[in-house]
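So in numbering that gives the first Met the number 0, spot 231 of the sequence shown is number 230, and the numbers just go up one at a time. Remarks on the structure that follows.
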Amino acid sequence: MPSSSVLGSVLLAPSPAEQKYDFKYYLASAAAGGICCSITHGALCPVDVVKTRVQLDPVKYNSGLIGGMRQVVAEEGAMALTTGLGATAFGYFVQGWIKFGGVEFFKIQALNAVGEEKAWNNKTAIYLGSSAAAETIADIFLCPLEAVRIRSVSDPNFCDGLADGFGKMLKADGIGGFYAGLFPMFFKQVPYTMAKFAVQGETADAAYASMGKTPSELSSTTNLAISLGSGVIAGVAAAIISHPADTLLSKINKAGAGGDGPMMTRMMNIAREVGFVNLCTVGLLPRCVMIGTLTAGQFGLFDTVMPLLGASKFHFHDPNSH
């Protein structure tokens, strides 16, 4: 059989009864998740640099996404837009590995526990629960890398790379410095991921239902288009929901932000200083552009990489549909 036919056949996702979801499947989904998150977050590093600058200093960076990029390049050179790239690519590979692999694991375990019909009827709750659990675990690994990235973006002279940044943060702030943003990261990432996977899953399911088809009955091109379209919608929804906590996370990693005292006190001080409306709106447009693009890219890449690793993505199946 030609290689193109083999690839085409594995792009068609079978129902749960037709594929064995075992350790190899979870390994493939974790690897695909790591690859897609690392590539998308790395590619959007310049957008993230500008977004973080806007959140940290909205008075100086007040000319939008493109204007902010021009301002950074004019003042610091083009390479400034790649600040934190190493921490971003590595950190989100680890996070994507745990997040996407974890979501697949928890979804399938839920189906095995309650059966296909109950899983179909409660798939929104399963999307929400599995993504919350996976993201919580992933954030514990991501937080130190994100702390180094934000510190390097807020102070371009802070370090010369990921390893150097780790060493300097450890010396200056101790282990606790790496986890200063853990709780705001939970507040940001967990609702974001819950919205991302639930909205994407429901949007994709609605698209398939409107066509009266299952993924296995459609071409790989159509499935990819559904992944990309549902990813954009999910990304924008997730960006809006998580933006206030994203602003807090950016600010709390800036040296001296929020004064002294416990984490919650510092967060409340920052929230009061910034104001609720600004927390929700400053930097939101570039973040919607970034997250909408990023999420579409992630789901598109995930659904492309999975068959290359010999697996077909799990989909909930309505047992009464056929």
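For each residue, glycine too, the CB sits at the ideal point set by N, CA and C. Just so it is clear, the structure is predicted and the values come from calculations on it, not from any experiment.
The stretch 264-274 / the stretch 201-220 touching (three or more Cβ pairs under 8 Å): no
Buried versus exposed call for residue 154 [16 or more other C-beta atoms within 10 Å across all chains shown]: For the purposes of this step, residue 154 is identified with residue 155 of the sequence shown, where counting begins at 1. Classification of residue 154: exposed, given that the 10 Å Cβ count is below 16.
Boundaries (first-last residue) of the alpha helix (DSSP H) holding residue 202: Taking the sequence shown and counting its residues from 1, the one referred to as residue 202 is at position 203. Unbroken alpha helix (DSSP H) run through residue 202: 181-210.
Contact between the stretch 94-108 and the stretch 28-43 (3+ Cβ pairs under 8 Å): yes
Beta carbon of residue 49 nearer than 7 Å to that of residue 64: Taking the sequence shown and counting its residues from 1, one reaches residue 49 at position 50. Taking the sequence shown and counting its residues from 1, one reaches residue 64 at position 65. Against a cut-off of 7 Å, the Cβ pair of residue 64 and residue 49 comes out as a contact.
Which of helix, strand or coil DSSP assigns to residue 138: Position 139 of the sequence shown holds residue 138. Three-state DSSP puts residue 138 in a helix.
Residue 313 in three-state terms, based on DSSP: As a working mapping, residue 313 is identified with position 314 in the sequence shown. If DSSP states are grouped into helix, strand and coil, residue 313 belongs with coil.
Three-way DSSP call (helix, strand, coil) for residue 246 in this model: Reading the sequence shown from its first residue, position 247 is the one you call residue 246. Correct three-state label for residue 246: helix.
Cα-Cα separation between residue 295 and residue 222, rounded to whole angstroms: Taking the first residue of the sequence shown as position 1, residue 295 is located at position 296. Taking the first residue of the sequence shown as position 1, residue 222 is located at position 223. Their Cα atoms are separated by approximately 13 Å.
Residue 246 and residue 278 closer than 7 Å at C-beta: As a position in the sequence shown, residue 246 is number 247, starting the count at 1. As a position in the sequence shown, residue 278 is number 279, starting the count at 1. Yes, they are a contact pair.
Residue of 96, 95, 118 minimising C-alpha distance to residue 106: For the purposes of this step, residue 106 is taken as residue 107 along the sequence shown, with counting starting at 1. With distances taken between Cα atoms, residue 106 lies closest to 118.
Whole-angstrom distance between residue 185 and residue 263, CA atom to CA atom: The sequence position of residue 263 within the sequence shown is 264, counting from 1. The sequence position of residue 185 within the sequence shown is 186, counting from 1. So the two alpha carbons sit approximately 13 Å from each other.
Pair within 7 Å by beta-carbon distance, residue 86 and residue 161: The sequence position of residue 86 within the sequence shown is 87, counting from 1. The sequence position of residue 161 within the sequence shown is 162, counting from 1. Going by C-beta atoms, residue 86 is nearer than 7 Å to residue 161.
Reduced DSSP category for residue 87 - H, G, I as helix; E, B as strand; rest coil: Taking the sequence shown and counting its residues from 1, one reaches residue 87 at position 88. Residue 87 falls in the helix class under three-state DSSP.
Euclidean distance between Cα positions of residue 15 and residue 178: As a first step, residue 15 is located in the sequence shown; it is residue number 16 there, counting from the start. As a first step, residue 178 is located in the sequence shown; it is residue number 179 there, counting from the start. With a pLDDT of 43 at residue 15, under the threshold of 50, the predicted position of this residue should be treated as unreliable, and no value is reported.
Extent of the continuous alpha helix (DSSP H) to which residue 23 belongs: One-based indexing of the sequence shown puts residue 23 at position 24. Unbroken alpha helix (DSSP H) run through residue 23: 22-42.
Cα-Cα separation between residue 76 and residue 70, rounded to whole angstroms: For the purposes of this step, residue 76 is taken as residue 77 along the sequence shown, with counting starting at 1. For the purposes of this step, residue 70 is taken as residue 71 along the sequence shown, with counting starting at 1. Rounded to the nearest angstrom, the two C-alpha atoms are 9 Å apart.
Range of the contiguous alpha helix (DSSP H) that encloses residue 277: Here residue 277 is taken as the residue at index 278 of the sequence shown, counted from 1. Here the alpha helix (DSSP H) through residue 277 covers 275-280.
Beta carbon of residue 195 nearer than 7 Å to that of residue 237: Stepping through the sequence shown from its first residue, residue 195 is reached at position 196. Stepping through the sequence shown from its first residue, residue 237 is reached at position 238. Result yes, Cβ atoms of residue 195 and residue 237 sit closer than 7 Å.
Backbone CA spacing between residue 2 and residue 307 [nearest angstrom]: Taking the first residue of the sequence shown as 1, we reach residue 2 at position 3. Taking the first residue of the sequence shown as 1, we reach residue 307 at position 308. Here residue 2 scores only 41 on pLDDT, less than 50, and its place in the model is too uncertain to base an answer on.
Proximity to residue 265 [Cα-Cα], best of 183, 202, 209: For the purposes of this step, residue 265 is taken as the residue at position 266 of the sequence shown. Among 183, 202, 209, the Cα nearest to that of residue 265 is on 183.
Alpha-carbon spacing of residue 228 relative to residue 133, whole angstroms: By 1-based counting over the sequence shown, the position of residue 228 is 229. By 1-based counting over the sequence shown, the position of residue 133 is 134. Residue 228 and residue 133: Cα-Cα distance of roughly 23 Å.
Cβ shell of residue 193 (< 7 Å), same chain only, five flanking positions each side left out: The count along the sequence shown starts at 1 and reaches residue 193 at position 194. Hits under 7 Å: 127, 130, 131.
Delimiting residues of the alpha helix (DSSP H) encompassing residue 63: Numbered from 1 along the sequence shown, position 64 holds the residue referred to as residue 63. Unbroken alpha helix (DSSP H) run through residue 63: 63-75.
Closest residue to residue 164 among 148, 54, 293 (Cα-Cα distance): In the sequence shown, residue 164 corresponds to position 165, counting from 1. When each option's Cα is compared against that of residue 164, the closest is 148.
Buried versus exposed, by CB contacts within 10 Å (16 or more), residue 67: Here residue 67 refers to the residue found at position 68 when the sequence shown is read from its first residue. The residue is buried, with at least 16 neighbouring Cβ atoms inside 10 Å.
Contact check, residue 239 vs residue 203, beta carbons under 7 Å: Residue mapping note: residue 239 aligns to position 240 of the sequence shown, counting from 1. Residue mapping note: residue 203 aligns to position 204 of the sequence shown, counting from 1. Cβ distance not < 7 Å, so residue 239 and residue 203 don't count as in contact.
Start and end residues, alpha helix (DSSP H) containing residue 120: Along the sequence shown, one-based indexing puts residue 120 at 121. Run containing residue 120: 115-120, per the alpha helix (DSSP H) assignment.
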